[in-house]
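> Protein chains in written order, with my numbering: chain A, 1 to 264; chain B, 1001 to 1271.
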Amino acid sequence: MPGNTDTGVLVKAIDINVSYGGRSVLHKAGAEVRAGEIVNLIGPNGAGKTTLVRALLGLLEPAGGTVVRRPGLKIGYMPQRLVIDPALPLTVNRFLALGIPRHAAGLGRRRAVLEETGAGQVADSPIQDISGGEMQRVLLARALLRDPDLLVLDEPVQGVDLGGQSELYAIIRHIRDDRGCGVLMVSHDLHVVMAATDHVICLNNHICCAGHPVTVSRHPEFVALFGPTVAAELSVYHHEHDHEHDIHGSVVPLHEDGGGNHHD
Amino acid sequence: MTDFLADDFMVRALLAGLAVAAIAGPLGSFVVWRRMAYFGATLSHSALLGIALGLLVGAEPMLGVIVVCLVVALILGFGHRRRTAILSEDTLLGILAHGTLAMGLVAAAFLDSVRLDLTSYLFGDILAITTSDLVWLYGVAVTVAVILGLIWRPLLAATVHEELALVEGVPVQALKLGYMLMLAAVVALAMKVVGILLVTSLLIIPAAAARPLARTPEQMAVLASICGGLSVFGGLAASYIADTPSGPSIVVAALVLFICSQSVLAIRKPR
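(1) If we cut at 8 Å on Cβ distances, does A:Ala-55 have a partner in chain B?
(2) Could you tell me whether the Cβ of A:Asp-85 comes closer than 8 Å to any Cβ of chain B?
(3) When burial is assigned at 16 or more other CB atoms within 10 Å of the CB, is B:Trp-1136 buried or exposed?
(4) Measure the alpha-carbon distance for B:Leu-1005 versus B:Leu-1255 and round it to whole angstroms.
(5) For B:Val-1251, is the classification buried or exposed, using 16 other Cβ atoms within 10 angstroms of its Cβ as the cut-off for buried?
(6) For A:Arg-69, which of helix, strand or coil comes out of DSSP?
(7) Does the distance from the C-beta atom of A:Ala-141 to that of A:Leu-184 stay below 8 Å?
(8) Going by the beta-carbon positions, is the gap between B:Leu-1202 and B:Val-1031 smaller than 8 Å?
(9) Quick one: Cα of A:His-219 to Cα of A:Thr-50, how far?
(10) At the 8 Å Cβ level, is A:Ile-171 part of the contact set with chain B, yes or no?
(11) Output, in sequence order along the chain, the residues in the segment 67-92 of chain A whose CB is closer than 8 Å to any CB in chain B.
(12) Whole angstroms are fine: how far does the CA of B:Pro-1171 sit from the CA of B:Ser-1246?
(13) Using a beta-carbon distance below 8 Å, is B:Trp-1152 in contact with chain A?
(14) Is the segment 1214-1223 of chain B close to the segment 1050-1064 of chain B, with three or more CB pairs under 8 Å?
(15) Whose Cβ in chain B lies nearer than 8 Å to the Cβ of A:Leu-26?
(16) So what does DSSP say about B:Leu-1014, is it helix, strand or coil?
(17) Roughly how many angstroms separate the alpha carbons of B:Ala-1185 and B:Ser-1044, rounded to a whole number?
(18) Is it true that the CB of A:Val-157 sits closer than 8 Å to the CB of A:Ala-123?
(19) Taking buried to mean at least 16 other C-beta atoms within 10 Å of its own C-beta, is A:Ile-42 buried or exposed?
(20) Please identify the residue among A:Val-152, A:Leu-145, A:Asp-149, A:Met-135 whose C-alpha is closest to the C-alpha of A:Gly-164.
(21) Am I right that B:Ala-1052 and B:Gly-1104 are in contact with their C-beta atoms under 8 Å? What's the rounded C-beta distance?
(22) Can you give me, in chain order, the residues of the segment 29-57 of chain A that have a beta carbon less than 7 Å from any beta carbon in chain B?
(23) Under 9 Å between beta-carbons, which chain B residues line up against A:Phe-95? List them in chain order, please.
(24) What is the rounded straight-line gap between the Cα of A:Ile-100 and the Cα of A:Leu-107?
(25) Let me see if you follow: with CB-CB separation under 8 Å, is B:Thr-1216 close to chain A or not?
(26) Can you tell me the Cα-Cα spacing of B:Ala-1157 and A:Thr-215, whole angstroms?
(27) When the Cα atoms are used, what is the spatial distance from B:Val-1067 to B:Gly-1050?
(28) Kindly confirm or deny that the segment 195-206 of chain A and the segment 25-42 of chain A touch, where touching means at least three C-beta pairs closer than 8 Å.
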């Protein structure tokens, strides 16, 4: 594709339109991920987050818009759910080997990556016997084994307990720092999103707002979508050390005033 | 016990049954893993329509079977992809299975009964297998086995998770098509052995019986073949000794093996 002179852009989607049975799911939505950048896709249920991810991955052909992937881009994908029929006898190890060419699938390497994502102990377990949290780590390991330029994670902490969630986010950040790959994730946990993301895209059928987490949390559309309480909490969370109270409109109370339902 | 092999037709029956069991093992394992049991049944029900059409146009009936099975497979595999579909795949399978069976029976009525022996197609006629039947049966079985061997790994990856495999560069649609083609071919083979109504059993019962004993997909496929082979042997022996219908006897033998293997599971892992 012409016009993609930006170096470092791994994948870019512009003006994506998708509808299912006459109902518009995405309207002029887009996203861009650069190498070494963590981009977070947020939005309410049914906002079209997974649909946008699927369009970026090439899993669905959008009715309108363009998706540009850097030539030769290697993607590590972590789907939202993965249920394997119990009739299929498969260990975690074998599951990991299926994702990569045979010559690259050395047992030692698989173990190392599994240790990196914190699931080393389940290597030889039948994959149907591991917990939801372990499954997420195994899926992350499978994505990493491909040495991806871009990691695409659809709700990576789903089914993971609270302690595990922050640990998993830390692992993802560490992977980015270590390997310099781009990360695109769909997430629900706004606190973590705001703390650990370079770029936030707030989606609700269309792009409500996008940008640095702090900017987004002040955006009126974001506030309308998630409610003033959440917005206030997030703003406070971010602004406790800066005192520029130029927060938008009536939505965000100052943290010393009495109207706040955001105080601990 | 093996004196039943003194008769040539029994030897041919056994050779045919073993070939079908061998290929039905791995292919049937995929049927079980992909939850396509009813899909297999639909293919086999449509086979009668293929036979009748083949005879009506004066072609080889088996060719008719493969063509009709393929059309049904394509309708199911690729016609039902839209997320907007208002009927579940389950309903569509039921409609196609019984719709094509009924059409087959109607079409068969246009043929005189000398050319189309309905009973032998519905319940199998393994004892009537000829040497030339055996030749093409082995030809198809070996071809399917070779292709399955070549695409085993990517097909397994696509079975575990289709979209993950797609992102990882596996040609999922082509594999699916190839798998359905092979399934159609094996349904046509198995029909000779146990008949249209029992084809699915030869695909899924040995695979299900193998499951508790297997720790890898490959073990399950091989054990399913062995289990199918034992069923063919046991069923034919019973049919010779007790004069029972051979196709159903083979399926009953498979069922006995399935119950035995489930008991192994129950003993090993009490719930």
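Glycine included, every Cβ here is placed at the ideal spot set by N, Cα and C.
Once the coordinates are examined:
(1) Position 55 of the first sequence holds residue 55 of chain A. No, no contact with chain B.
(2) The count along the first sequence starts at 1 and reaches residue 85 of chain A at position 85. Yes, contact with chain B.
(3) The count along the second sequence starts at 1 and reaches residue 1136 of chain B at position 136. B:Trp-1136 should be labelled exposed.
(4) Numbered from its first residue, the second sequence carries residue 1005 of chain B at position 5. Numbered from its first residue, the second sequence carries residue 1255 of chain B at position 255. Using only the alpha carbons, I get a separation of about 23 Å.
(5) By 1-based counting over the second sequence, the position of residue 1251 of chain B is 251. By the 10 Å Cβ count, B:Val-1251 comes out buried.
(6) In the first sequence, residue 69 of chain A corresponds to position 69, counting from 1. Looking at A:Arg-69 - three-state DSSP - the assignment turns out to be strand.
(7) Here residue 141 of chain A refers to the residue found at position 141 when the first sequence is read from its first residue. Here residue 184 of chain A refers to the residue found at position 184 when the first sequence is read from its first residue. It is not a contact, given that the beta carbons lie outside the stated cut-off.
(8) Indexing the second sequence from 1 puts residue 1202 of chain B at position 202. Indexing the second sequence from 1 puts residue 1031 of chain B at position 31. Cβ atoms of B:Leu-1202 and B:Val-1031: not closer than 8 Å.
(9) By 1-based counting over the first sequence, the position of residue 219 of chain A is 219. By 1-based counting over the first sequence, the position of residue 50 of chain A is 50. In a straight line, the C-alpha of A:His-219 is about 23 Å away from that of A:Thr-50.
(10) The residue labelled residue 171 of chain A in the question sits at position 171 within the first sequence. No, A:Ile-171 does not count as interfacial toward chain B.
(11) Ile-75, Tyr-77, Pro-79, Leu-82, Ile-84, Asp-85, Ala-87, Leu-88, Pro-89, Leu-90, Thr-91
(12) Translated into the one-based positions of the second sequence, residue 1246 of chain B becomes position 246. Translated into the one-based positions of the second sequence, residue 1171 of chain B becomes position 171. Cα to Cα, B:Ser-1246 sits roughly 41 Å from B:Pro-1171.
(13) Along the second sequence, read from residue 1 onward, the residue named residue 1152 of chain B stands at position 152. So, not an interface residue.
(14) no
(15) Locating residue 26 of chain A in the first sequence gives position 26, counting from the first residue. What A:Leu-26 touches in chain B: nothing, since even the nearest Cβ is about 14 Å away.
(16) Sequence index remark: in the second sequence, residue 1014 of chain B carries index 14 (1-based). If DSSP states are grouped into helix, strand and coil, B:Leu-1014 belongs with the helices.
(17) Position 185 of the second sequence holds residue 1185 of chain B. Position 44 of the second sequence holds residue 1044 of chain B. If I take the Cα positions, the gap works out to 10 Å.
(18) Along the first sequence, one-based indexing puts residue 123 of chain A at 123. Along the first sequence, one-based indexing puts residue 157 of chain A at 157. Result no, Cβ atoms of A:Ala-123 and A:Val-157 do not sit closer than 8 Å.
(19) Counting from 1 along the first sequence, the entry for residue 42 of chain A is found at position 42. Classification of A:Ile-42: buried, given that the 10 Å Cβ count is 16 or more.
(20) Numbered from 1 along the first sequence, position 164 holds the residue referred to as residue 164 of chain A. Comparing Cα-Cα distances from A:Gly-164 to each of A:Val-152, A:Leu-145, A:Asp-149, A:Met-135, the minimum goes to A:Met-135.
(21) By 1-based counting over the second sequence, the position of residue 1052 of chain B is 52. By 1-based counting over the second sequence, the position of residue 1104 of chain B is 104. That belief holds up - the Cβ atoms of B:Ala-1052 and B:Gly-1104 are roughly 5 Å apart, short of 8 Å.
(22) Leu-57
(23) In the first sequence, residue 95 of chain A corresponds to position 95, counting from 1. In chain order: Val-1160.
(24) Looking up residue 100 of chain A in the first sequence gives position 100. Looking up residue 107 of chain A in the first sequence gives position 107. Those two C-alpha atoms are separated by around 12 Å.
(25) In the second sequence, counting from the first residue as 1, residue 1216 of chain B sits at position 216. Closer than 8 Å to some Cβ of chain A, the Cβ of B:Thr-1216 qualifies, so yes.
(26) Looking up residue 1157 of chain B in the second sequence gives position 157. Looking up residue 215 of chain A in the first sequence gives position 215. Distance between the alpha carbons of B:Ala-1157 and A:Thr-215: 42 Å.
(27) What you label residue 1067 of chain B is simply residue 67 of the second sequence in a count that begins at 1. What you label residue 1050 of chain B is simply residue 50 of the second sequence in a count that begins at 1. Rounded to whole angstroms, B:Val-1067 to B:Gly-1050 spans 7 Å at the Cα level.
(28) yes
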